[in-house]
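Engineer: Quick note, the sequence shown lines up with residues 2 to 240 if you use the working numbering.
There's a structure below that I have some questions on.
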Amino acid sequence: MAVGSENWEQVVYVLNRGGRFEPADNSYDGSYLGHVWGKQWNVYVEPVAVVRDSITGDYYSGVPRYRPATFSDGTPVPAEAGTFHLSSFKEIFGAKRTVSNYWSQLSLLPENFVLMNAADAARVGMHDGDKVRLSSPSNPTGRFDLGPLGQHFVEGKVRVIQGLRPGVVSVSLSYGHWNYGSADAAVDGERVVGDRRRSTGLIGNPVLLLDKVMTGTSLTDPIGGSASFFDTQVTVVKV
């Protein structure tokens, strides 16, 4: 090994945690930022402002502005009583292929959780480790049918934290695989045994709110095109 047998464990430990970082004292140079952007930052973006939405026909805004959650035709997404807004994020060590990196996933966080604010948890009677199911208006049972792989539910354990806005629950990505090496598969007639460690935790995608116009797809950011978790409201119940 390049680092030698005496140091490789320490090197892997550092790399799995995102690397080394410079001292916090370097964040500022006097009263100014220590690492200046140094390039132009546009408040008004004309290439956006001159383009029309292909569904509503309205021009996009060339400046940042607040818009409430809407379906692709511009109609508002209705609020659902007694629900939480669902959000998603990547763990600092996470990526699309985190499940195949056993050094980081299994040593740092073998499974993910349904993160919930402590005030919300107290209000609805949830505790660390409670198993819960998520459902939404588009998937009222929280179930998804995988054909020969059976039926699965959007279920996971609650983790109560302070660092989350009340009224929001959050589920990180890169967990809850039902394939991708987690289940047995046949290749050229040979059985390849799946690794159940890859199926731990949960994924929130199956309960995303579906667009009522572009049916079969979740709500999306009209500019970037990415799936919008933040406009989905979910019910959280113990199972």
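The beta-carbon is built from N, C-alpha and C at its ideal position, and this holds for glycine as well.
#1: What's the C-alpha gap between T24 and I93?
#2: Alpha helix (DSSP H) containing A82: first to last residue?
#3: Considering only the beta carbon of each residue, do L135 and G143 sit closer than 8 Å?
#4: If contacts are defined as beta-carbon pairs under 8 Å, then V64 and V51 qualify, I think. What distance do you get, rounded to the angstrom?
#5: Run through DSSP, which three-state label would T321 get?
#6: Taking the alpha-carbon positions, what's the S173 to G95 distance?
#7: Decide yes or no for the touch test of the region 160-178 against the region 65-79: beta carbon pairs closer than 8 Å, at least 3 of them.
#8: Counting along the chain, where does the beta strand (DSSP E) carrying A186 start and finish?
#9: Taking 8 Å as the cut-off, decide whether the C-beta atoms of F230 and L209 are in contact.
#10: Quick check: the Cα distance between L16 and V194, rounded to an integer number of angstroms?
#11: Report buried or exposed for Y176, applying the criterion of at least 16 other Cβ atoms within 10 angstroms of its Cβ.
#12: Out of N180, S108 and S101, which has the shortest C-alpha to C-alpha gap to L147?
#13: R53: buried (16+ other C-beta within 10 angstroms of its C-beta) or exposed?
#14: Check for me: the alpha helix (DSSP H) holding V49 runs from which residue to which?
#15: What's the call for T233, buried or exposed, on a 16-neighbour Cβ count within 10 Å?
#16: Could you check what DSSP says for A120 in three-state terms: helix, strand or coil?
#17: Per DSSP, what kind of secondary structure is Y61 in: helix, strand or coil?
#18: Who are A228's beta bridge partners in DSSP?
#19: Could you tell me the boundaries of the alpha helix (DSSP H) in which E10 lies?
#20: Enumerate in chain order the residues of its own chain whose CB-to-CB distance from Y60 is below 8 Å, with the five nearest sequence positions on each side excluded.
#21: Span of the beta strand (DSSP E) holding F154?
#22: What residues are listed by DSSP as bridge partners for N140?
#23: What do you get for G151, buried or exposed, if any count of 16 or more other CB atoms within 10 angstroms of its CB means buried?
#24: Buried or exposed for H36, please, with buried defined as at least 16 other CB atoms from any protein chain shown within 10 angstroms of its CB.
Structural biologist: In terms of the structure at hand:
#1: Here residue 24 turns out to be Pro, not Thr, going by the sequence shown. Roughly 19 Å between the two C-alpha positions.
#2: From DSSP, A82 is part of no alpha helix (DSSP H); its letter is neither H nor E.
#3: yes
#4: Between V51 and V64 the Cβ distance is about 13 Å, and since that is not below 8 Å, they are no contact.
#5: A query on residue 321 cannot be resolved here, the shown segment of the chain reaching from 2 to 240 and no further.
#6: 9 Å
#7: no
#8: A186 to V188
#9: yes
#10: 30 Å
#11: buried
#12: N180
#13: exposed
#14: E47 to A50
#15: buried
#16: helix
#17: coil
#18: T221
#19: W9 to N17
#20: A50, V51, V52, R53 and D54
#21: Q152 to F154
#22: S137
#23: exposed
#24: exposed
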